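Numbering follows the working numbering, in which position 70 of the sequence shown is assigned residue number 70; successive positions increment by one, without gaps.
Glycine included, C-beta positions come from ideal geometry on N, C-alpha and C.
Everything numeric in this text was worked out from a predicted model, so none of it was measured.
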Amino acid sequence: MSNTETETNPELARIDNFVKAAPGKEYTIDQKSQTLCRQGLSGQRECVKLNLEYTQMFSEMQKLGFFCALPMDPTETYMECRRV
Numbered sequence: 001m002s003n004t005e006t007e008t009n010p011e012l013a014r015i016d017n018f019v020k021a022a023p024g025k026e027y028t029i030d031q032k033s034q035t036l037c038r039q040g041l042s043g044q045r046e047c048v049k050l051n052l053e054y055t056q057m058f059s060e061m062q063k064l065g066f067f068c069a070l071p072m073d074p075t076e077t078y079m080e081c082r083r084v
């Protein structure tokens, strides 16, 4: 994604800023709640609610260097993202 796209879509910029704050963490994309989450230092989940489609969040995470996939549990619908 070009800087122009990130600048014109503040939601994508929010993903970038959220990930830049803790680039080494693992993230989850929850389609139902439209959130991107990570484990915080205190063990609590830190999340940002986004006004984006699931595919847009997935695509942006890939562009930031993450590999995202469904978890091993087939009943779960979120995606797990790890830096590659």
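Legend entry - Separation of GLN62 from MET1, as counted between CA atoms: Interpretation of MET1 is limited by its pLDDT of 47, a score under 50 that renders its predicted location unreliable; the figure taken from the coordinates is listed afterwards. Roughly 10 Å separates the two Cα atoms.
Inset, instruction - Just mark VAL85 as buried or exposed, buried being the case when its beta carbon has 16 or more other beta carbons within 10 Å. - result: No statement about residue 85 is possible, as the shown extent of the chain runs from 1 to 84 and does not include it.
Legend entry - Those residues which DSSP pairs with ALA69 across a bridge: In the DSSP output, where bridge partners are listed per residue, ALA69 has GLU80.
Legend entry - CB contact flag (LEU50, GLU76, <7 Å): no
Inset, instruction - Out of GLU26, THR55 and GLU60, point me to the one whose CA is closest to ASP16's CA. - result: The shortest Cα separation from ASP16 among GLU26, THR55 and GLU60 belongs to GLU60.
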